[in-house]
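Undergrad:
Protein chains: 2
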Amino acid sequence: MAENGKDTRPYFRKHVFCCVNERPEGNPRGCCKSKGAVSLRNYMKGKAKQMGLDDVRINSSGCLDRCELGPTIVVYPDGIWYRAESKQDVEEILTQHIRDGSPVEHLMLHPDD
Amino acid sequence: MAENGKDTRPYFRKHVFCCVNERPEGNPRGCCKSKGAVSLRNYMKGKAKQMGLDDVRINSSGCLDRCELGPTIVVYPDGIWYRAESKQDVEEILTQHIRDGSPVEHLMLHPDD
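Listed in order, the protein sequences are those of chains A and B.
So that you can map any letter, position 34 of the first sequence is 34 in the working numbering, and since no number is skipped, the others follow by simple counting.
So that you can map any letter, position 10 of the second sequence is 123 in the working numbering, and since no number is skipped, the others follow by simple counting.
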């Protein structure tokens, strides 16, 4: 609760959006879905539950518009973007960033990527 | 660019997620889709483009888990939640919050809602 009386608690401590958008085959941008995004998102959701991360939410989202870099994930409120290509990447993000608070530098996407 | 050399610019100045999840008819929680969420999201996306809000993104998302309060929208990095039930609500959020930076108090959802 902030001093001005407004309730500024976040509803989720970390809110993760995993792009699962599909583009038609042959589209030059590619898409996250064709790179395994749906199963990685499902894995992330299950793993977060298994880790007891009750104050976070792992959502699917529509196209995050960084198709070439996918599978893309964005973590809010931090505004940190990732390419997560494997279960190992997902586990690293969950453990090091979502649970322990330290972004995973080697998986991060930057504004000019 | 932060002083430590890390690039901390947000990729989108405001990133809006509109729940468009559908639950089976009769589910006691209801769902955002049954309350017009898809057309409201499409309206918001088109209106944002028309307003020239090039540094924001209006995304669809899976279930934000506040079904009873829908149609729900969350705006990041702010972490501000809304119930937007009409085109007028959507326009108010776009104009007052997304463009001008002042959250729309009377449409906001709070953590204990």
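Positions of the beta carbon are idealized from the N, C-alpha and C atoms, including for glycine.
All values derive from a computational prediction rather than experimental measurement.
1. Can the beta-carbon of residue 51 (chain A) be found closer than 8 Å to that of residue 107 (chain A)?
2. Output, in chain order, the set of chain A residues within a Cβ distance shorter than 8 Å of residue 172 (chain B).
3. For the stretch 30 to 77 of chain A, list the beta strand (DSSP E) runs that are entirely contained and at least 3 residues long, ordered along the chain.
4. Would residue 92 (chain A) pass as a contact of residue 104 (chain A) if the rule is Cβ separation under 8 Å?
5. At a Cβ threshold of 8 Å, is residue 115 (chain B) touching chain A?
6. So, for residue 194 (chain B): in the same chain, excluding its five sequence neighbours on each side, which residues have a beta-carbon less than 6 Å away from its beta-carbon?
7. In chain B, which residues lie less than 7 Å from residue 110 (chain A) when you measure between Cβ atoms?
8. For chain A, find out if any of its Cβ atoms is closer than 8 Å to the Cβ of residue 183 (chain B); answer yes or no.
9. Within 8 Å of any Cβ in chain B, is that where the Cβ of residue 79 (chain A) sits?
10. In chain order, what residues of the same chain have a beta carbon less than 7 Å from the beta carbon of residue 167 (chain B), not counting five sequence neighbours either side?
11. Run through chain A and tell me which residues come within less than 8 Å of residue 189 (chain B), C-beta to C-beta.
12. Please classify residue 154 (chain B) as buried or exposed, where buried requires at least 16 neighbouring CB atoms within 10 angstroms.
13. Using a Cβ-Cβ distance cut-off of 8 Å, determine whether residue 123 (chain B) contacts chain A.
14. Taking the beta strand (DSSP E) that residue 16 (chain A) belongs to, which residues open and close that run?
15. Based on DSSP bridge pairs, tell me the residues matched to residue 99 (chain A).
16. Beta-carbon within less than 7 Å of residue 203 (chain B)'s beta-carbon, same chain only, minus the 5 sequence neighbours each way: which residues are those?
17. From which residue to which residue does the beta strand (DSSP E) around residue 83 (chain A) run?
18. Using beta-carbon positions only, say whether residue 21 (chain A) and residue 177 (chain B) come within less than 8 Å of one another.
19. Tell me the rounded alpha-carbon separation between residue 30 (chain A) and residue 113 (chain A).
TA: According to the data block:
1. no
2. 17, 61, 62, 63, 64
3. 56 to 61, 72 to 76
4. yes
5. Its pLDDT being 48, under 50, residue 115 (chain B) is placed unreliably by the model, and the measurement read from it follows with that caveat. Not an interface residue.
6. 187, 222
7. 120
8. no
9. yes
10. none
11. 15, 76, 77, 79
12. buried
13. yes
14. 14 to 19
15. Residue 99 (chain A) is not bridged to any residue.
16. 153, 156, 157, 160, 197
17. 80 to 83
18. no
19. 16 Å
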